[in-house]
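Below: one structure, written as structure tokens.
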Amino acid sequence: ASLTIQLPDTTDLANAFITITNLDGRLIHSLRPNTLQPIINTTHWAAGTYLVILYEGNKKRTVQQIIKY
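Written out as structure tokens, the structure is:
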């Protein structure tokens with residue numbers, strides 16, 4: 008299983024950083040994307056709800072909630 012994240016077209020990839028946490032705040036995955044549509048392998052993730060947070064530099068740009076069944 009995988010997750011494709013669609014970043015805004017205005018994302019500055021040179022300063023972008025993505026974190027994915029569970030609802031307890033535990034970091035599940037982090038990456039510096041090199042494309043506006045990074046693909047993340049979720050095979051080993053437990054079913055549940057996760058938060059995908061996009062940062063540009065020190066600024067939190069977007070937060071999206073995803074659910075894995």
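In this text, residue positions in the sequence shown follow the working numbering: the first is 8, and each later residue adds one. We put the CB at the ideal spot given by N, CA and C, even for glycine. Quick caveat, the model's predicted, so the values are computed rather than measured.
DSSP beta-bridge partners of residue i
i	result
residue 22	Its beta-bridge partners do not exist; DSSP assigns none.
residue 10	47
Exposed unless 16 or more other CB atoms sit within 10 angstroms - verdict on residue i
i	result
residue 61	buried
residue 76	exposed
residue 12	buried
Given residue i as reference, the closest of the options once Cα atoms are compared
i	options	result
residue 3	65, 23, 45, 32	Residue coverage of the chain in this structure runs from 8 to 76, which leaves residue 3 outside it and unanswerable.
residue 23	48, 43, 58, 72	43
residue 21	63, 74, 68	63
residue 28	57, 14, 17	57
residue 34	25, 14, 65	25
residue 52	45, 36, 66	36
Integer-rounded CB distance, given that residue j should sit under 8 Å from residue i
i	j	result
residue 10	residue 73	7 Å
Residue ranges of each beta strand (DSSP E) within the stretch 33 to 73, 3 or longer: 34 to 38, 46 to 48, 55 to 63
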